[in-house]
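Trainee:
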Amino acid sequence: MKKTGAQILCESLVREGVEVIFGILGGTILTIYDTLPEYPQLRHILVRHEQGAAHAADGYARARHKAGVCLATSGPGAANLVTGIANAYMDSSPLVAITGQVARSVIGKDAFQETDITGITLPITKHNYLVSDAAELAKTIKEAFYIAQTGRPGPVLIDIPRNVQQEKAEFVYPDKVALPGYRFTSRGHSAQIKKAARLINEAKQPVIIAGRGIIISQAYADFSELAEKAQIPVVHTLLGIASFPGNHVLDFGMLGMHGMACANMAVQNADLIIAIGMRFDDRATADPKGFAPNARVIHIDIDPAEIGKNVRVDVPIVGDVKDVLKAINKEIDCRNHLEWLSHLDQWRYEHPSLAIRQNDEVLPQYVIQQIYEATQGDATVVTGVGQNQMWAAQHFIYTKPNSLISSGGLGTMGFELPAAIGAKVGCPEEVVWCIAGDGGFQMTIQELATIAQENIGVKIAIINNGYLGMIRQWQEFFYQRHYVDSKLWNPDFVKIAEAYDIPGIRVERRDEVATTIHKAMDCPGPFLIDFVVEPEENVYPMVPPGESLATLLETPKPEAVSNY
Numbered sequence: 021m022k023k024t025g026a027q028i029l030c031e032s033l034v035r036e037g038v039e040v041i042f043g044i045l046g047g048t049i050l051t052i053y054d055t056l057p058e059y060p061q062l063r064h065i066l067v068r069h070e071q072g073a074a075h076a077a078d079g080y081a082r083a084r085h086k087a088g089v090c091l092a093t094s095g096p097g098a099a100n101l102v103t104g105i106a107n108a109y110m111d112s113s114p115l116v117a118i119t120g121q122v123a124r125s126v127i128g129k130d131a132f133q134e135t136d137i138t139g140i141t142l143p144i145t146k147h148n149y150l151v152s153d154a155a156e157l158a159k160t161i162k163e164a165f166y167i168a169q170t171g172r173p174g175p176v177l178i179d180i181p182r183n184v185q186q187e188k189a190e191f192v193y194p195d196k197v198a199l200p201g202y203r204f205t206s207r208g209h210s211a212q213i214k215k216a217a218r219l220i221n222e223a224k225q226p227v228i229i230a231g232r233g234i235i236i237s238q239a240y241a242d243f244s245e246l247a248e249k250a251q252i253p254v255v256h257t258l259l260g261i262a263s264f265p266g267n268h269v270l271d272f273g274m275l276g277m278h279g280m281a282c283a284n285m286a287v288q289n290a291d292l293i294i295a296i297g298m299r300f301d302d303r304a305t306a307d308p309k310g311f312a313p314n315a316r317v318i319h320i321d322i323d324p325a326e327i328g329k330n331v332r333v334d335v336p337i338v339g340d341v342k343d344v345l346k347a348i349n350k351e352i353d354c355r356n357h358l359e360w361l362s363h364l365d366q367w368r369y370e371h372p373s374l375a376i377r378q379n380d381e382v383l384p385q386y387v388i389q390q391i392y393e394a395t396q397g398d399a400t401v402v403t404g405v406g407q408n409q410m411w412a413a414q415h416f417i418y419t420k421p422n423s424l425i426s427s428g429g430l431g432t433m434g435f436e437l438p439a440a441i442g443a444k445v446g447c448p449e450e451v452v453w454c455i456a457g458d459g460g461f462q463m464t465i466q467e468l469a470t471i472a473q474e475n476i477g478v479k480i481a482i483i484n485n486g487y488l489g490m491i492r493q494w495q496e497f498f499y500q501r502h503y504v505d506s507k508l509w510n511p512d513f514v515k516i517a518e519a520y521d522i523p524g525i526r527v528e529r530r531d532e533v534a535t536t537i538h539k540a541m542d543c544p545g546p547f548l549i550d551f552v553v554e555p556e557e558n559v560y561p562m563v564p565p566g567e568s569l570a571t572l573l574e575t576p577k578p579e580a581v582s583n584y
């Protein structure tokens, strides 16, 4: 049966189980939008900026463990997706971005709103397509979803010229994908697994570094079995948080630039590092030359390009985390590292990284703690980037799997609000808290209109310190307090929320924090709280840039690093 290209696209999306598309209309995709009403299975959510569409699709993908879909027109519409696509690429999030393109006959002639979006996104996608024939659309969609969701997940872009959407072709949806050039390894090499098991059995002071690969693979049970069977302490990368219960006796928190002192000390004193589904990025390792100086390293990752890229590895294992852990668990012995765990507990006691001042000020750490108390961890937290992100990582106890969604590799301010929309749409029964800085929030603040129009029940906590907070902290520590353009003039966020018909409350006193959070929780729809916090509160601990994890500032002593 013949269908138009737009119908083939929509029918293919239905076949792939797509439920939601985040997008905004434009000239070269009007044919697709004109076709959407024929497919009521496809819910379209109108965002107010294409960047919001990409971030919302990303948040949806992370919450639902399935590809998110966003839709944009050619030229500026497609270009506006780029930040969100890059964000998904850095964090291994499955995304299918569909863009309109000018008609085939004028491609390359600088037609109105023409942009070479496949050329632009080549470095930040797993693969991309420019479809020149409607007969190729079904096959392309099938391949795109397969590539986005298998191996190391990531974004795929499909660019469809306007006339391809309109022309007709026979619709045949393929049963399977045939991509001879696309290969990934799921099961680790048996010899390497035996080597890893031997090192684990022999280690006296082992540490597991848990990365996002555990969450992507949904290997929670197998990971817990490894940690508990061999009694190995667990530390996390930022995006590995919520791969293991934060209240578990073996959990020692996040490592890295703003990691817990005991987590960094554990890594620096370990004789074996078991790195699982992580890529040894600079925020986790600090100076790689000084990272875990006495440890041998086992690295498990599905992407062979990550192994040995930043840190020397003794036992590389390429494979899916879940499959590899199942195999390792069969080889390891039950162990008991009482002396090593006792040392770590002592370090945690002597270096209380989560202690906060007790006074009448509204401190951001206290706000995060009270959100945890109100939810008891039964929530998904979606953060922005900067100080708010670090406080949310440090002071909320993540006991549920996959309960933290944040921009890690790209560090994208403005990610939080649209990503929270995507997470809530993907998991409507889940409590979703958007933790935003006052700077990042204003980068995608227009998505309040999307929340209002769709009645998406996201709870928004703005950590309002009147600064680009992490920039100001660096200016304080490393630039002699030259606060050049880091101080913000902010609007009245509550009035803005109310203008969108979203209830909001401004909190300026500590004794109002908990009660206001409960009001937000009791509200059936969206709710915004503007927490006016101490302006120059800093994130501690902190490893100065260029230093090793051993160089850790635990208390406010900026003069110690003023020569940076």
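Plus 20 on top of the position in the sequence shown (first one is 1) and you've got the working numbering.
Ideal Cβ positions, reconstructed from N, Cα and C, are used throughout, including at glycine.
For clarity, every value in this text was computed on a predicted model and none was experimentally measured.
(1) Relative to the C-alpha of Ile228, which candidate in Ile320, Ile137, Phe42 has its C-alpha closest?
(2) Compute the Euclidean distance between the alpha carbons of Ser582 and Gly404, then round it to the nearest angstrom.
(3) Between Pro114 and the rest of its own chain, which residues show a CB-CB distance below 6 Å, the 5 nearest in sequence each way excluded?
(4) Between which two residues does the beta strand (DSSP E) harbouring Ile293 extend?
(5) Would you report the Cα separation of Thr160 and Tyr149, rounded to the nearest angstrom?
(6) Is it the case that the Cβ atoms of Asp271 and Leu345 are separated by a distance below 8 Å?
(7) Tell me whether Pro57 sits in a helix, a strand or coil according to DSSP, three-state version.
(8) Can you tell me whether Gln27 is buried or exposed? The criterion is at least 16 other CB atoms within 10 Å of its CB, across all chains shown.
(9) On a CA-only basis, which of Ile180, Asp78, Pro564, Cys90 is nearest Gly428? Give me that one, please.
(10) Helix, strand or coil: which one does DSSP assign to Tyr240?
(11) What are the start and end residues of the alpha helix (DSSP H) that includes His538?
(12) Looking only at its chain, what residues have a beta carbon closer than 6 Å to the beta carbon of Asp111, apart from the 5 residues adjacent to it on each side?
(13) So what does Gly339 bridge to, in DSSP terms?
(14) Give the C-beta separation of Val485 and Pro555 to the nearest angstrom, bearing in mind that I take them to be a contact with Cβ-Cβ under 8 Å.
(15) Note down, in chain order, each residue of its chain lying with its Cβ closer than 6 Å to the Cβ of Thr305, except the 5 sequence neighbours on either side.
(16) Going by the beta-carbon positions, is the gap between Val102 and His147 smaller than 8 Å?
(17) How should Val151 be labelled, buried or exposed, when 16 other C-beta atoms within 10 angstroms of its C-beta is the threshold for buried?
(18) Which first and last residues belong to the beta strand (DSSP E) in which His19 is found?
(19) My output table needs one value for Gly46: the three-state DSSP class, helix, strand or coil.
(20) Count the other CB atoms, across all protein chains shown, that sit within 10 Å of the CB of Gly566; report buried if there are 16 or more and exposed otherwise.
(21) Sorted by chain position, which residues of the same chain lie with C-beta nearer than 6 Å to Ala83's C-beta, five sequence neighbours on each side aside?
(22) DSSP has Pro175 in a bridge; who is on the other side?
(23) So which of Thr464, Asp380, Glu393, Val338 has the shortest CA-CA distance to Gln212?
(24) Among Phe416, Asn314, Pro194, Pro200, which has the Cα closest to the Cα of Val287?
(25) Sorted by chain position, which residues of the same chain lie with C-beta nearer than 7 Å to Leu219's C-beta, five sequence neighbours on each side aside?
(26) Leaving out the 5 sequence neighbours to the left and right, which residues in its chain are closer than 6 Å to Gly434 when beta-carbon positions are compared?
(27) Within 10 angstroms of the Cβ of Glu579, are there 16 or more other Cβ atoms? Answer buried if so, exposed if not.
(28) Quick one: residues in its chain with C-beta nearer than 7 Å to the C-beta of Ile417, no 5 flanking neighbours on either side, listed in chain order?
(29) Count the other C-beta atoms from every protein chain shown that fall within 10 angstroms of the C-beta of Cys354, then say buried if there are 16 or more, exposed otherwise.
(30) Count Cβ pairs between the stretch 48-56 and the stretch 199-212 that sit closer than 8 Å; are there 3 or more?
(31) Please go through the same chain and pick out, in chain order, the residues whose beta-carbon is closer than 7 Å to the beta-carbon of Asp323, but skip the five residues on each side of it.
(32) On the premise that Gly273 lies in contact with Thr20, defined as a C-beta separation below 8 Å, what is that separation, rounded to the nearest angstrom?
(33) Applying the criterion that 16 or more other CB atoms from any shown protein chain within 10 Å of the CB defines a buried residue, is Tyr369 buried or exposed?
(34) Which term fits Pro96, buried or exposed, when burial requires 16 or more other beta carbons within 10 angstroms of its beta carbon?
(35) Please report the distance separating the alpha-carbon of Thr575 from that of Val553.
(36) Considering only C-alpha positions, which residue in the set Tyr59, Ala76, Ile525 is nearest to Leu66?
Mentor: Working from what's here:
(1) Translated into the one-based positions of the sequence shown, residue 228 becomes position 208. Considering only alpha carbons, the answer is Ile320.
(2) Working through the sequence shown from its first residue, we reach residue 582 at position 562. Working through the sequence shown from its first residue, we reach residue 404 at position 384. Here the model assigns Ser582 a pLDDT of 33, short of 50, so the residue's position is not dependable, and the following value carries that caveat. Taking the straight line joining both Cα atoms gives about 27 Å.
(3) Mapped onto the sequence shown, residue 114 falls at position 94. Excluding sequence neighbours, Pro114 sits near Ala81, Ala87, Ala168, Gln169, Pro173.
(4) By 1-based counting over the sequence shown, the position of residue 293 is 273. It spans 292-296 - the beta strand (DSSP E) in which Ile293 sits, taken as one unbroken run.
(5) In the sequence shown, residue 160 corresponds to position 140, counting from 1. In the sequence shown, residue 149 corresponds to position 129, counting from 1. Between Thr160 and Tyr149, the C-alpha separation is close to 8 Å.
(6) Within the sequence shown, numbered from 1, the residue matching residue 271 stands at position 251. Within the sequence shown, numbered from 1, the residue matching residue 345 stands at position 325. It is not a contact, given that the beta carbons lie outside the stated cut-off.
(7) Taking the first residue of the sequence shown as 1, we reach residue 57 at position 37. If DSSP states are grouped into helix, strand and coil, Pro57 belongs with the helices.
(8) As a first step, residue 27 is located in the sequence shown; it is residue number 7 there, counting from the start. It is buried - the Cβ of Gln27 has at least 16 other Cβ atoms within 10 Å.
(9) Translated into the one-based positions of the sequence shown, residue 428 becomes position 408. The candidate whose alpha carbon is nearest that of Gly428 is Asp78.
(10) Here residue 240 refers to the residue found at position 220 when the sequence shown is read from its first residue. Tyr240: helix per DSSP, three-state reduction.
(11) Mapped onto the sequence shown, residue 538 falls at position 518. It spans 533-542 - the alpha helix (DSSP H) in which His538 sits, taken as one unbroken run.
(12) On the sequence shown, position 91 is the one that residue 111 refers to. Only Gly428, Gly429 meet the Cβ criterion.
(13) In the sequence shown, counting from the first residue as 1, residue 339 sits at position 319. BP columns for Gly339 are empty, so no partner.
(14) Translated into the one-based positions of the sequence shown, residue 485 becomes position 465. Translated into the one-based positions of the sequence shown, residue 555 becomes position 535. Residue identity differs from the one stated: residue 485 is Asn in this sequence, not Val. The pair is a contact, with the Cβ atoms about 5 Å apart (cut-off 8 Å).
(15) For this step, residue 305 is matched to residue 285 along the sequence shown. The residues are Phe311.
(16) Within the sequence shown, numbered from 1, the residue matching residue 102 stands at position 82. Within the sequence shown, numbered from 1, the residue matching residue 147 stands at position 127. It is not a contact, given that the beta carbons lie outside the stated cut-off.
(17) Against the sequence shown, residue 151 aligns to sequence position 131. Result: buried.
(18) For residue 19 there is no data in the structure shown, the boundaries of the chain being 21 and 584.
(19) Within the sequence shown, numbered from 1, the residue matching residue 46 stands at position 26. Note: Gly46 maps to coil in three-state DSSP.
(20) Residue 566 sits at position 546 when you count from the first residue of the sequence shown. Under this definition Gly566 is an exposed residue.
(21) Along the sequence shown, read from residue 1 onward, the residue named residue 83 stands at position 63. For Ala83, where only same-chain residues beyond five positions count, the Cβ hits under 6 Å are Ala443, Gly446, Cys447.
(22) For the purposes of this step, residue 175 is taken as the residue at position 155 of the sequence shown. According to DSSP, Pro175 bridges with Leu115.
(23) Reading the sequence shown from its first residue, position 192 is the one you call residue 212. Gln212 has its Cα closest to that of Val338, out of Thr464, Asp380, Glu393, Val338.
(24) Position 267 of the sequence shown holds residue 287. The shortest Cα separation from Val287 among Phe416, Asn314, Pro194, Pro200 belongs to Asn314.
(25) Here residue 219 refers to the residue found at position 199 when the sequence shown is read from its first residue. So the qualifying residues of the chain are Leu292, Arg316, Ile318, Val335.
(26) Taking the first residue of the sequence shown as 1, we reach residue 434 at position 414. Correct list, in chain order: Gly460, Met463, Thr464.
(27) The residue you call residue 579 lines up with position 559 of the sequence shown. The predicted model places Glu579 with a pLDDT of 44, which falls under 50 and marks its position as unreliable; any figure quoted below should be read in that light. By the neighbour-count rule (16 or more Cβ atoms within 10 Å), Glu579 is not buried but exposed.
(28) In the sequence shown, the residue the question calls residue 417 occupies position 397. Correct list, in chain order: Gly266, Asn267, Tyr392, Gly397.
(29) As a position in the sequence shown, residue 354 is number 334, starting the count at 1. So Cys354 ends up on the exposed side.
(30) no
(31) Along the sequence shown, read from residue 1 onward, the residue named residue 323 stands at position 303. Excluding positions up to five away in sequence, the list reads Arg172.
(32) The requested residue 20 is not part of the displayed model; the chain covers only 21 to 584.
(33) Translated into positions along the sequence shown, residue 369 becomes position 349. The residue in question, Tyr369, is exposed, as its Cβ has fewer than 16 Cβ neighbours within 10 Å.
(34) Translated into positions along the sequence shown, residue 96 becomes position 76. The residue in question, Pro96, is exposed, as its Cβ has fewer than 16 Cβ neighbours within 10 Å.
(35) Within the sequence shown, the letter at position 555 stands for residue 575. Within the sequence shown, the letter at position 533 stands for residue 553. One C-alpha to the other measures close to 19 Å.
(36) Taking the sequence shown and counting its residues from 1, the one referred to as residue 66 is at position 46. Closest by alpha carbon: Ala76.
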